[in-house]
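Chemist: Dumping the structure here so I can ask a few things about it.
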Amino acid sequence: MPTTSTDAAPPIDLPRFMGAWHVIAHVPYFGERGHVASRDEYRLKPGGGIAVHYVYQEGFGEPVKTLDSRATVKAGTGNRRWTTWFFGVIPTKYRILETAPDYSWALVDYPGRDLAWIFSRTADLPDAQYADLVARMRAHGVDTGKLIRVPQLAEQEGKPGFAPAKKPQAR
Numbered sequence: 001m002p003t004t005s006t007d008a009a010p011p012i013d014l015p016r017f018m019g020a021w022h023v024i025a026h027v028p029y030f031g032e033r034g035h036v037a038s039r040d041e042y043r044l045k046p047g048g049g050i051a052v053h054y055v056y057q058e059g060f061g062e063p064v065k066t067l068d069s070r071a072t073v074k075a076g077t078g079n080r081r082w083t084t085w086f087f088g089v090i091p092t093k094y095r096i097l098e099t100a101p102d103y104s105w106a107l108v109d110y111p112g113r114d115l116a117w118i119f120s121r122t123a124d125l126p127d128a129q130y131a132d133l134v135a136r137m138r139a140h141g142v143d144t145g146k147l148i149r150v151p152q153l154a155e156q157e158g159k160p161g162f163a164p165a166k167k168p169q170a171r
């Protein structure tokens, strides 16, 4: 099980970290509430830095929306600490706590642990694996009582533990 320090952890392999990450669960900030099928897509920029493309819907059956931002990696952090700029001007901090050895999942937080995310390369995780990742987040000091699952598949909407969509499907 992890410790609360990422200082001794191996560095993040940035090229392996790039690509699409489904937001399986989060302690959300106001801009993420009510989103379904959300994912972050990371791409190394030729001149340096990282392009961040956030894809989401406000409900299943609703149009896909996107937000673009950029990130830089703080030197000397093993590629674990980033600064992202949302709307081009709002800097936020981002810390990669842990990744699977094969980069199939990642645990991320905002320093201070007020925000957190569980990412996966796949849109769904088995319940046992999700429970393990929640325990890992807790071991990193994240208040997992605030963690909410994000519906990635229409059949997850309305199930216990999943966040409600901003625009729920008609049933």
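So the sequence shown is residues 1 to 171, counted in full-length UniProt numbering. Yeah, the Cβ is synthetic: ideal placement off N, Cα and C, and Gly gets one too.
Here's a check: name, in chain order, each residue in its chain whose Cβ is nearer than 8 Å to the Cβ of T4, leaving out the five neighbours to either side.
Modeler: Walking along the sequence shown from the start, residue 4 turns up at place 4. Below a pLDDT of 50, predicted positions are generally treated as unreliable, and T4, at 46, falls in that range; no measurement from the model is reported.
Chemist: By a C-beta neighbour count over all protein chains shown, 10 Å radius and 16 as the cutoff for buried, is S104 buried or exposed?
Modeler: Along the sequence shown, one-based indexing puts residue 104 at 104. It counts as exposed.
Chemist: Report the rounded CA-to-CA distance for G61 versus D40, giving the unit in angstroms.
Modeler: Along the sequence shown, one-based indexing puts residue 61 at 61. Along the sequence shown, one-based indexing puts residue 40 at 40. Going from the Cα of G61 to the Cα of D40 covers about 20 Å.
Chemist: Return the CA-CA distance between A75 and G48, expressed in angstroms with no decimal places.
Modeler: Residue 75 sits at position 75 when you count from the first residue of the sequence shown. Residue 48 sits at position 48 when you count from the first residue of the sequence shown. Going from the Cα of A75 to the Cα of G48 covers about 13 Å.
Chemist: Between L67 and A135, what straight-line distance do the alpha-carbon atoms span, to the nearest angstrom?
Modeler: In the sequence shown, residue 67 corresponds to position 67, counting from 1. In the sequence shown, residue 135 corresponds to position 135, counting from 1. Looking at the two C-alpha atoms, the distance is approximately 30 Å.
Chemist: So T84 and V52 are in contact, right, with Cβ under 8 Å, and what is the actual spacing, rounded?
Modeler: Stepping through the sequence shown from its first residue, residue 84 is reached at position 84. Stepping through the sequence shown from its first residue, residue 52 is reached at position 52. Contact flag correct, Cβ pair sits at about 6 Å.
Chemist: Do L97 and V108 have their beta-carbon atoms positioned less than 8 Å apart in this structure?
Modeler: Within the sequence shown, the letter at position 108 stands for residue 108. Within the sequence shown, the letter at position 97 stands for residue 97. Yes, they are a contact pair.
Chemist: DSSP three-state label for P164, please.
Modeler: Sequence index remark: in the sequence shown, residue 164 carries index 164 (1-based). P164 falls in the coil class under three-state DSSP.
Chemist: Is H53 close to chain D, meaning its C-beta is less than 8 Å from at least one C-beta of that chain?
Modeler: The structure shown contains no chain D; it is built from a single protein chain.
Chemist: Taking the C-alpha atoms as reference points, what is the distance between L14 and A37?
Modeler: The residue labelled residue 14 in the question sits at position 14 within the sequence shown. The residue labelled residue 37 in the question sits at position 37 within the sequence shown. Those two C-alpha atoms are separated by around 24 Å.
Chemist: Given F86, which residues of its chain have a CB within under 8 Å of its CB, disregarding the five upstream and five downstream residues?
Modeler: Walking along the sequence shown from the start, residue 86 turns up at place 86. For F86, where only same-chain residues beyond five positions count, the Cβ hits under 8 Å are G31, L67, S69, T92.
Chemist: Measure the C-alpha to C-alpha separation of I50 and A9 and round it to an integer number of angstroms.
Modeler: Along the sequence shown, one-based indexing puts residue 50 at 50. Along the sequence shown, one-based indexing puts residue 9 at 9. Their backbone Cα atoms lie some 22 Å apart in a straight line.
Chemist: Tell me where the alpha helix (DSSP H) around Y130 begins and ends.
Modeler: The residue given as residue 130 occupies position 130 in the sequence shown. Taken as a continuous stretch (DSSP letters only), the alpha helix (DSSP H) holding Y130 covers 127-139.
Chemist: Identify, in the order they occur along the chain, each residue of the same chain with its Cβ nearer than 8 Å to the Cβ of Y130, setting aside the five sequence neighbours on each side.
Modeler: Residue numbering aside, residue 130 sits at position 130 when the sequence shown is read from its first letter. Excluding sequence neighbours, Y130 sits near I24, A25, I118, R149.
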